[in-house]
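Undergrad: I have a structure I would like to understand better, so I am pasting it below and will then ask my questions one at a time.
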Amino acid sequence: MLELFNYEIVQNAFGAGTIVAIIAACIGYFVVLRSQTFASEALSDIGFAGATGAIIFGFSSLIGMLVFSMLSALGMGALGERIRGRDVEIGMVLSFALGLGVLFLSIYTQTGSAGVNSGVGILFGSILSVRRSDVLIALGCGICLLILLMVLYRPLLFASIDPEVAQTRGVPVRTLSIIFLLMLSVTVSISILVVGVLLIIALLIAPAATALRLTHQPRHSLILSIILSLACTWSGLILAFTGSFGKQLPVGFYISAIAAAFYFISIIISRLGIVHTPQRVEKFVRCTDCKERMQPDYQ
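In structure tokens, the structure reads:
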């Protein structure tokens, strides 16, 4: 197994996988708290159109995903609280974006371009073809996201759990919403390198949702989410490289299957009462003492 790390393809895969796992776990925790799973799926589908379009013009697919998803995040953030009631509009944008991506794939097919494999890899994940430059871009984006998340942690947590009270205390809820959507768009773009557009929710949502079922402390949930995300990613990569059931299966399949297994096990544990946690994290965080610790005067 250790001999595999002598190959650059394995080094790139584990490097990108580790970066994505940590970032997806941290951002995914707030996605679950803010009930923005649909927004995550929307940004991933829009990123697919950006990636396939970038390949047509000779650019990196990662750059295309970043540009398209960040522009879409700004548009979604402009809706503010109204985004909760705009499922139809967002769904129409999604269908158009997917249609655009299919159009680009069709162009690849008609011209006999090698970009067909790239387009399929974007849909289902292509971590085995990750280049060192992609790892460096993901590392730079990841460091920036973690620094920004540490700066915004307390107000973002407060605004995610109780936006009405947070706004009355002077927290810039609208601005935080836009910033978070931009952070989410970057996370989705680099996560697609590992699991692809169709399986992005598995890595972004499952570890965080599992952690929230097992512990009610925000920081403990974040740490557990990171641990679970790394376990899913590393296990998936090891199984993909070493092979199982007599054949090598896609990395995205292993990661999504392990993530789903963790979540279903957490459901069983919580229902059996093995771990005593409240049904919703808000019951813990909304207590008076906790609010006083989390609500400095932001005016």
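Under this note's numbering, think of the first position of the sequence shown as 1205, with each following residue one higher.
Ideal Cβ positions, reconstructed from N, Cα and C, are used throughout, including at glycine.
(1) Shortest alpha-carbon distance to S1429 belongs to which of V1455, A1412 and S1439?
(2) Are L1418 and I1459 close, meaning C-beta to C-beta below 8 Å?
(3) Identify, in the order they occur along the chain, each residue of the same chain with its Cβ nearer than 6 Å to the Cβ of L1434, setting aside the five sequence neighbours on each side.
(4) When you compare only the Cα positions, how much space is there between S1244 and I1331?
(5) Which value, in whole angstroms, describes the spacing of the CA atoms of W1438 and I1227?
(6) Could you tell me if M1280 is buried or exposed, where buried requires 16 or more neighbouring beta carbons within 10 angstroms of its beta carbon?
(7) Can you look up Y1211 in the DSSP assignment and give me helix, strand or coil?
(8) Taking the straight line between their C-alpha atoms, what separation do you get for F1263 and G1344?
(9) Can you list, in chain order, the residues of its chain whose CB lies under 7 Å from that of S1425, leaving out five sequence neighbours each side?
(10) Report all residues from its chain with a CB closer than 7 Å to the CB of G1450; omit the five preceding and five following residues, and keep chain order.
(11) Considering only C-alpha positions, which residue in the set L1408, I1311, S1333 and Y1211 is nearest to T1256?
(12) Can you list, in chain order, the residues of its chain with a C-beta nearer than 7 Å to that of L1352? Leave out the 5 residues immediately preceding and following it.
(13) Going by the CB atoms, is the gap between S1395 and L1408 shorter than 8 Å?
(14) DSSP three-state label for D1249, please.
(15) Let me make sure I understand the geometry here. Which of A1465, L1278 and L1443 has the alpha-carbon closest to that of T1379?
(16) Provide the residue span of the alpha helix (DSSP H) that contains P1411, from first to last.
(17) Quick check on S1337: buried or exposed, where buried means 16 or more other Cβ atoms within 10 Å of its Cβ?
(18) Apart from the five residues on each side of it in sequence, which residues of its chain come closer than 8 Å, Cβ to Cβ, to E1212?
(19) Let's see if you can read the secondary structure: which residues bound the alpha helix (DSSP H) around I1347?
(20) Can you list, in chain order, the residues of its chain with a C-beta nearer than 8 Å to that of I1404? Leave out the 5 residues immediately preceding and following it.
(21) Check this for me: beta carbons of V1236 and G1254, under 8 Å apart or not?
(22) Run through DSSP, which three-state label would S1264 get?
(23) Just the C-alpha distance for A1410 and F1466, rounded to the nearest angstrom, thanks.
(24) Starting from V1455, trace the alpha helix (DSSP H) both ways and give me its first and last residue.
(25) Cα separation between V1369 and C1348?
(26) Take the Cβ of M1354 as the centre, count every other Cβ of all protein chains shown within 10 Å, and call the residue buried at 16 or more, exposed below.
(27) With the cut-off set at 8 Å, would you say G1400 and I1223 are in Cβ contact?
(28) Three-state secondary structure (DSSP) at S1239?
TA: According to the structure shown:
(1) A1412
(2) no
(3) A1225
(4) 20 Å
(5) 15 Å
(6) buried
(7) coil
(8) 19 Å
(9) Y1233, A1415, L1416 and T1419
(10) Reliability fails at G1450, whose pLDDT of 49 lies under 50, so the model's placement of it is uncertain and no value is given.
(11) I1311
(12) M1387
(13) yes
(14) helix
(15) L1278
(16) I1404 to L1418
(17) exposed
(18) R1336
(19) R1336 to I1365
(20) S1244, E1245, S1248, V1392, S1395 and I1396
(21) no
(22) coil
(23) 8 Å
(24) V1455 to L1476
(25) 29 Å
(26) exposed
(27) no
(28) coil
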